[in-house]
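Protein chains in written order, with our numbering: chain A, 1 to 333; chain B, 334 to 666; chain C, 667 to 881; chain D, 882 to 1096.
We put the beta carbon where it would ideally sit given N, CA and C, even for glycine.
As the structure is a computational prediction, the values presented were derived from the model and not from experiment.
This report refers to the structure that appears directly beneath it.
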Amino acid sequence: MAMKKFINDPANLTVELLDGLCTAFSDKLSLVSEKLVCRATPKDSDKVAIVTLGGSGHEPALQAFVGEGLIDISVVGDIFAAPNGPKVFEALKMMNREAGVLFVVLNHAGDVLSANIAMEMAAEAGLNVKMILTHEDIAPGADAPAEDKRGLVGCVPLYKIAGAAAEAGKSLDEVFAIAERFNNNMATLAVAMKIATNPQNGGEIGKIADDEMEIGMGQHGEAGTGPCKIMSADDTAKAMVERLIPAIGAVKGDKVLLAINGSGATTHMEMFLIYRAARKVLADAGIETACSMVGEYLTVQEMGGFQMFLAKMDDELIELFGAPCDSPYWTVK
Amino acid sequence: MAMKKFINDPANLTVELLDGLCTAFSDKLSLVSEKLVCRATPKDSDKVAIVTLGGSGHEPALQAFVGEGLIDISVVGDIFAAPNGPKVFEALKMMNREAGVLFVVLNHAGDVLSANIAMEMAAEAGLNVKMILTHEDIAPGADAPAEDKRGLVGCVPLYKIAGAAAEAGKSLDEVFAIAERFNNNMATLAVAMKIATNPQNGGEIGKIADDEMEIGMGQHGEAGTGPCKIMSADDTAKAMVERLIPAIGAVKGDKVLLAINGSGATTHMEMFLIYRAARKVLADAGIETACSMVGEYLTVQEMGGFQMFLAKMDDELIELFGAPCDSPYWTVK
Amino acid sequence: MADTISADNVTAMLQTAVALIRDNEPLLSRLDSVTGDGDHGAAMVSAVAAAEKALGEWDKSSLKSLLHGVGWGMMCIDGGSTGPLWGSLFMGMSKGAGEAESLDCAALAEVFEAGLAKVQSQSKAQVGDKTMMDALIPAVGAIRSAADASASISDAMASAASAAAQGAQATAGMQARFGRARNLGERTIGHVDPGATSMSLLFKAFSEALSARET
Amino acid sequence: MADTISADNVTAMLQTAVALIRDNEPLLSRLDSVTGDGDHGAAMVSAVAAAEKALGEWDKSSLKSLLHGVGWGMMCIDGGSTGPLWGSLFMGMSKGAGEAESLDCAALAEVFEAGLAKVQSQSKAQVGDKTMMDALIPAVGAIRSAADASASISDAMASAASAAAQGAQATAGMQARFGRARNLGERTIGHVDPGATSMSLLFKAFSEALSARET
Ligand SMILES: Nc1ncnc2c1ncn2[C@@H]1O[C@H](COP(=O)(O)OP(=O)(O)O)[C@@H](O)[C@H]1O
Ligand SMILES: Nc1ncnc2c1ncn2[C@@H]1O[C@H](COP(=O)(O)OP(=O)(O)O)[C@@H](O)[C@H]1O
Ligand SMILES: [Mg+2]
Ligand SMILES: [Mg+2]
Ligand SMILES: [Mg+2]
Ligand SMILES: [Mg+2]
């Protein structure tokens, strides 16, 4: 059976999609060497640069958040596959500056392996880089060791906050400290109802029964904490946010960022319902939703489901979150 | 079988989704009376107001483009159903002003019936309103009578252009003339591969065989010009853009706006491939893609497919398209 | 006793229609998912719920106000094509009812003709275009013929019901020229129009309510 | 003739591995779609394509440069976990090869041990963690034992291949503790690890290439 996707040669997916993205947004993006997506107008060299990496197939995904007040360079791998270490090193070298580079890595086996290789090479070359690892997936338990916890949509608001701090002229240590504070106070849970298809070979990733869903899924719909019967939007949101609240230690009087990240086939309609229900649970617990994100940031093909993200916010983080930025898929005036 | 959607009582979908949208974006939107979505900060009353209407179920859809430089008030109906005429009249009355109101209506049976009733009431009440009907679907043929041609994603860039003209302080006649010029030079074709599910009753809309797709679909996946075997992204884009180019009479040296609007399950990855291929065909014909849109604007649940939109642009339209705006799902700095 | 119907009779007829259309929601949506967007059942359920609410809120003042309440209520649902067209039907009938307290068969024909005229001010669809008009126009015509032939009201309504049912059935052979189905072109042939079906249910219910009155 | 292998032999061994792994792309992706993200076949095909390219571009200078080219090539694919780990394996082997022009069985064991050590500098996975290590560690161990027992190179590689195959097979009974599969927990039990499978194919191909040399 033919794959139900509009594609050409599966081997060229990444190159073609980056070409499409960077020509559609040529005022904001520039594609330097095959898979490095940079800002069209580079940031002043006296400000900290933000570098990140990730596999493709999750569009809009990381490279769509390259821009003023966000990421400076995104190193793109192949479908679901981290870019290679030497390529990542190339990006670090390209962005190297006295002010320094903040290197944001999501906790996935391949990403971390590549990042480590790049960091070894960076150390040898004497680059001024600090690496930060996101690992906010609480599917294995909020107290599970960091290695167990995958990096999910939390990287996106982290880019925003670190990017704003960098844009404000803060030092690498300051930017790192702010990003780390946010990083240590965030949590994500994913849920899926319909599986994704690997666009390179048509293989279906995982299995979900017709009347079931599963909470705790990974970025590709790798099975989570076990299937359950389909629940209503309200019940699903409640079950998830009630695990996220203690995970970040939010209590009455706290302010949070609540984000709903659609996985692909789940509609904005559903995301608004989920957002509404989660916000209600937060409000009932006396927790204020000071910042919100609802949309598709990191998807996985046509998977049906979403990631719910919660982070504890302080005044500085709220201000940085609301600061101006300008990228293809996220602009704040 | 349970529907594979995160919803609550299907009867409350619209009310809940609007509540979610307007609380998530409370800095930009305000929900006045049940289904009227307004700007949180109203436009100066000496500028032309932009009013529109449409059924829900197409999120982000119209109400997500309410904001500075875009729509002033969106009247939302129920799932796939136009809002009623009296409610639309209420919105027109609310926005009535000396500068006048531009009322944008998409050509769909129910929308037009409601709009006509509202316009009759507006005429009786002496309101200062001009109505503009979008009907850019060329599935029935570029020369088909206007009644046959549905209003698809073209309304979104039209809001942008009319909204920018209004924001610039132009008169109602001027705003209308600009919008009409754009309206008369635009064309859309839709294609689908996977069908949508009506979220109120779980019914599947239409039928598409496993190895087929169909070009010329309506906004809900109502069947188009007949099924065909699945084609590659390049071939699909080519087949579609080659019908759109003559429909708008674009020739060598012309500048166009090219938009790809995802229907729901089709990924941004695929949209970038399609965009790239269409742009290449345009470039080969000596037509410059001066403006671009790639994203989900008007979806229809989890349908797999997209709408390809093309409009002939002149310098004034290009400038208005690029002018600042600020809404939940479209911000230009 | 003269053969007339009062506002109370009309209330009973409408209540029967509310129930019958509710029962047929799945059928109407299913038909609409073949040639439209699958929501005609939902739209009709909203429409009859609005009618039911209007019946409950009616101030008992006049037949005109009863029909106006129903029409306005339907006009105020968010129901795609259904709200404006059904709303117009009843608002037109309300106008046609004038100050009459009850209707004989000739007056009834006039009321329906006024309703039809109002619908036609919104829609240019004719018989053969595969819309609700394929049920409505013959049904109103049947009442007019019956009235001209001095038939009883219940006979008039029975023949309206059968004309509407036949008209709805006949849409299966037609190609749609209005509404969403229009773009499907030839592929609509073979499928009954949902709007014609719901309209035929209205006359079926009216006729049943009137024969129930007699027995 | 002493029992050694030259750079040309290694080239032939690698070419056999390239072909065998390519043939098994669907299997590897299918295994990965059960416990991972379904792309291990694609990753391994990229890895062996890089190896093939390096073989073609090899300047014939030394075994070290041959292995380095292969390792660096694999390191430079965008292949999730596969590129860094397989790249490390061959780059470690390259370092282990030193200036040797050919390898006897003892030297071969040292080369593989150097490769394994480099992989272990990237991954803390041990036997029993359900990763490629379940094939690689026993295979390297088997070569070491064979060398210590003065076995022939082809016998050493045959026992490495069978140790790797057994190790890969044994992953079916294990719960994953590394990589994407880790989050699946107990549900990984019953499924063979894709990375262990591809690693066992490497040794299978090496062994086949060596026995082909003899006949
Ligand atoms: N212009 C029109 N005139 C008469 N009837 C129409 C017209 N447009 C649509 N209809 C009727 O409306 C029905 C569809 O109603 P419904 O599904 O409720 O509305 P929508 O098409 O807006 O979803 C069609 O089956 C047809 O009978
Ligand atoms: N930390 C690790 N150490 C050793 N092997 C690993 C590690 N992480 C993953 N693997 C191996 O990699 C295989 C998956 O490879 P692949 O699918 O190419 O990468 P990815 O998981 O990034 O998609 C697993 O089956 C496992 O054998
Ligand atoms: Mg992968
Ligand atoms: Mg509808
Ligand atoms: Mg309908
Ligand atoms: Mg994998």
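(request) Can you grab the Cα-Cα spacing for the pair G794(C) / A477(B), in whole Å? (result) Counting from 1 along the third sequence, the entry for residue 794(C) is found at position 128. Counting from 1 along the second sequence, the entry for residue 477(B) is found at position 144. Taking the straight line from one Cα to the other gives about 20 Å.
(message) Within 8 Å, do at least three Cβ pairs link the segment 646 to 665 of chain B to the segment 532 to 547 of chain B?
(response) With a cut-off of 8 Å, the segment 646 to 665 of chain B and the segment 532 to 547 of chain B do not count as touching, because too few Cβ pairs lie within range.
(request) Anything in the segment 180 to 205 of chain A with a Cβ closer than 8 Å to a Cβ of chain D? List those residues in chain order, please. (result) For the segment 180 to 205 of chain A, the set of positions with a beta-carbon nearer than 8 Å to some beta-carbon of chain D reads N198, Q200, N201, G203, E204, I205 in chain order.
(message) Assuming D659(B) is part of the beta strand (DSSP E), what are its boundary residues?
(response) The residue given as residue 659(B) occupies position 326 in the second sequence. Where D659(B) is concerned, the enclosing beta strand (DSSP E) stretches over 658 to 660.
(request) Count the C-beta pairs between the segment 631 to 649 of chain B and the segment 589 to 597 of chain B that are closer than 8 Å, then say yes if the count reaches three, no if not. (result) The answer is yes - the segment 589 to 597 of chain B touches the segment 631 to 649 of chain B, with three or more Cβ pairs under 8 Å.
(request) For M956(D), go through chain E and note every residue whose CB falls closer than 8 Å to its CB, in chain order. (result) Protein chains A, B, C and D are contained in the structure displayed, whereas chain E is not.
(message) Cutting at 6 Å between CB atoms, please list the residues of its own chain near A55(A), excluding the five before and the five after it.
(response) Taking the first sequence and counting its residues from 1, one reaches residue 55(A) at position 55. First, the residue type needs correcting, since residue 55(A) is Gly and not Ala in the sequence shown. Only G77, F80, A81, A82 meet the Cβ criterion.
(request) Ignoring anything shorter than 3 residues or poking outside the segment 270 to 314 of chain A, list the beta strand (DSSP E) runs there in chain order. (result) Counting only runs of 3+ residues, the beta strand (DSSP E) found wholly inside the segment 270 to 314 of chain A occupies 288 to 295, 304 to 313, in chain order.
(message) Rounded to whole angstroms, what is the Cα-Cα separation between E906(D) and A931(D)?
(response) The residue labelled residue 906(D) in the question sits at position 25 within the fourth sequence. The residue labelled residue 931(D) in the question sits at position 50 within the fourth sequence. A straight line joining the alpha-carbon of E906(D) with that of A931(D) spans about 15 Å.
(message) Applying the 10 Å Cβ sphere with the 16-neighbour rule, what's the burial state of K585(B)?
(response) As a first step, residue 585(B) is located in the second sequence; it is residue number 252 there, counting from the start. Exposed: under 16 other Cβ atoms inside 10 Å.
(request) Compare the C-beta of F1059(D) with all C-beta atoms of chain A and state if any pair is closer than 8 Å. (result) Looking up residue 1059(D) in the fourth sequence gives position 178. Residue-level contact by beta carbon holds for F1059(D) and chain A, with a gap shorter than 8 Å.
(message) Considering only their Cβ atoms, is the gap separating M1080(D) from K1011(D) smaller than 8 Å?
(response) If you number the fourth sequence from 1, residue 1011(D) lands on position 130. If you number the fourth sequence from 1, residue 1080(D) lands on position 199. Not closer than 8 Å, so no.
(request) Give the DSSP bridge partners of F103(A), in chain order. (result) Within the first sequence, residue 103(A) is the residue found at index 103, counting from 1. BP columns for F103(A) point to V51(A), M131(A).
(message) If distances are taken between C-alpha atoms only, which option among L485(B), K380(B), F515(B), I383(B) comes closest to G554(B)?
(response) Residue 554(B) sits at position 221 when you count from the first residue of the second sequence. Out of L485(B), K380(B), F515(B), I383(B), L485(B) has the C-alpha closest to the C-alpha of G554(B).
(message) Short of 6 Å in beta carbon distance, which residues of its chain neighbour L355(B), apart from the five on each side in sequence? Order them along the chain.
(response) What you label residue 355(B) is simply residue 22 of the second sequence in a count that begins at 1. Strictly speaking, residue 355(B) in this sequence is Cys, with Leu absent from that position. The beta carbon of C355(B) sits closer than 6 Å to the beta carbons of L362, L364 from its chain, once the five residues preceding and following it are set aside; these are given in chain order.
(request) Note down, in chain order, each residue of its chain lying with its Cβ closer than 7 Å to the Cβ of G954(D), except the 5 sequence neighbours on either side. (result) By 1-based counting over the fourth sequence, the position of residue 954(D) is 73. Only A931, A932, K934, A935 meet the Cβ criterion.
(request) Kindly examine ligand 6 and report whether one of its heavy atoms sits closer than 7 Å to the Cβ of H921(D). (result) For the purposes of this step, residue 921(D) is identified with residue 40 of the fourth sequence, where counting begins at 1. Ligand 6 has a heavy atom closer than 7 Å to the beta-carbon of H921(D).
(message) So, under 8 Å CB-CB, V51(A) and L106(A) are touching, yes? Tell me the CB distance rounded to an integer number of Å.
(response) As a first step, residue 51(A) must be located in the first sequence, where it is residue number 51. As a first step, residue 106(A) must be located in the first sequence, where it is residue number 106. Contact flag wrong, Cβ pair sits at about 13 Å.
(message) Classify S873(C): buried if its beta carbon has 16 or more other beta carbons within 10 angstroms, exposed otherwise.
(response) Here residue 873(C) corresponds to residue number 207 of the third sequence, with the count starting at 1. Its Cβ being crowded by 16 or more others within 10 Å, S873(C) is buried.
(request) Identify which residue in C624(B), D405(B), D379(B), V524(B) has its Cα closest to the Cα of Y492(B). (result) Translated into positions along the second sequence, residue 492(B) becomes position 159. Out of C624(B), D405(B), D379(B), V524(B), D405(B) has the C-alpha closest to the C-alpha of Y492(B).
(request) Starting from D411(B), trace the beta strand (DSSP E) both ways and give me its first and last residue. (result) In the second sequence, the residue the question calls residue 411(B) occupies position 78. First-last of the beta strand (DSSP E) with D411(B): 406 to 412.
(request) For F413(B), return the contacting residues in chain C, with the cut-off set at a CB-CB distance below 8 Å. (result) Locating residue 413(B) in the second sequence gives position 80, counting from the first residue. Near F413(B) (Cβ distances below 8 Å), the residues of chain C are D703, G704, D705, G746.
(message) Does the distance between the C-beta of F80(A) and the nearest non-hydrogen atom of ligand 3 fall short of 7 Å?
(response) Here residue 80(A) corresponds to residue number 80 of the first sequence, with the count starting at 1. Within the cutoff, so yes.
(request) Using a cut-off of 7 Å between C-beta atoms, extract the partners of N341(B) located in chain A. (result) Taking the second sequence and counting its residues from 1, the one referred to as residue 341(B) is at position 8. Result: S232, A233, D234, L273.
(message) Quick check: is any heavy atom of ligand 2 less than 7 Å from the C-beta of M1013(D)?
(response) Along the fourth sequence, read from residue 1 onward, the residue named residue 1013(D) stands at position 132. The answer is yes for M1013(D).
(request) Kindly give me the distance between the Cβ atoms of I607(B) and T569(B), rounded to whole angstroms, as I take these residues to be in contact under 8 Å. (result) Position 274 of the second sequence, counted from the first residue, corresponds to residue 607(B). Position 236 of the second sequence, counted from the first residue, corresponds to residue 569(B). Confirmed, Cβ separation roughly 7 Å.
(message) I want to know whether the segment 730 to 746 of chain C touches the segment 760 to 777 of chain C - three or more CB-CB distances under 8 Å.
(response) Cβ pair count under 8 Å is three or more, so yes.
(message) Can you tell me whether Q200(A) is buried or exposed? The criterion is at least 16 other CB atoms within 10 Å of its CB, across all chains shown.
(response) In the first sequence, counting from the first residue as 1, residue 200(A) sits at position 200. With 16 or more Cβ atoms within 10 Å of its Cβ, Q200(A) is classed as buried.
(request) Could you tell me whether the Cβ of E302(A) comes closer than 8 Å to any Cβ of chain B? (result) Within the first sequence, the letter at position 302 stands for residue 302(A). By this cut-off, E302(A) is an interface position.
(message) Using only the alpha-carbon positions, how far apart do L127(A) and A495(B) sit?
(response) As a first step, residue 127(A) is located in the first sequence; it is residue number 127 there, counting from the start. As a first step, residue 495(B) is located in the second sequence; it is residue number 162 there, counting from the start. Rounded to the nearest angstrom, the two C-alpha atoms are 50 Å apart.
(request) May I ask you to list, following chain order, the residues of the segment 135 to 165 of chain A that have a beta carbon less than 7 Å from some beta carbon of chain B? (result) Of all residues in the segment 135 to 165 of chain A, none has a C-beta nearer than 7 Å to a C-beta of chain B.
(request) Run down chain B in chain order and give the residues with a C-beta less than 7 Å from the C-beta of E174(A). (result) Along the first sequence, read from residue 1 onward, the residue named residue 174(A) stands at position 174. Those do not exist, as E174(A) stays about 25 Å from chain B at its closest Cβ, beyond 7 Å.
(message) Less than 7 Å between C-beta atoms, sequence neighbours within five positions excluded: which residues of the same chain meet that for A598(B)?
(response) For this step, residue 598(B) is matched to residue 265 along the second sequence. In its chain, beyond the 5 residues on either side, K527, E635, M636, G637 have a beta carbon closer than 7 Å to the beta carbon of A598(B).
(request) Would you mind giving the Cβ-Cβ distance between N417(B) and D744(C), rounded to the nearest angstrom? I have them listed as a contact below 8 Å. (result) For the purposes of this step, residue 417(B) is taken as residue 84 along the second sequence, with counting starting at 1. For the purposes of this step, residue 744(C) is taken as residue 78 along the third sequence, with counting starting at 1. The beta-carbon separation of N417(B) and D744(C), rounded to 6 Å, stays under the 8 Å limit for a contact.
(message) For a test of the three-state rule: what should DSSP assign to G597(B), helix, strand or coil?
(response) Looking up residue 597(B) in the second sequence gives position 264. DSSP places G597(B) in strand when its eight states are reduced to three.
(request) Would you mind reading off the limits of the alpha helix (DSSP H) that contains T682(C)? (result) On the third sequence, residue 682(C) is found 16 positions in, with the first residue counted as 1. Bounds of the alpha helix (DSSP H) holding T682(C) are 673 to 689.
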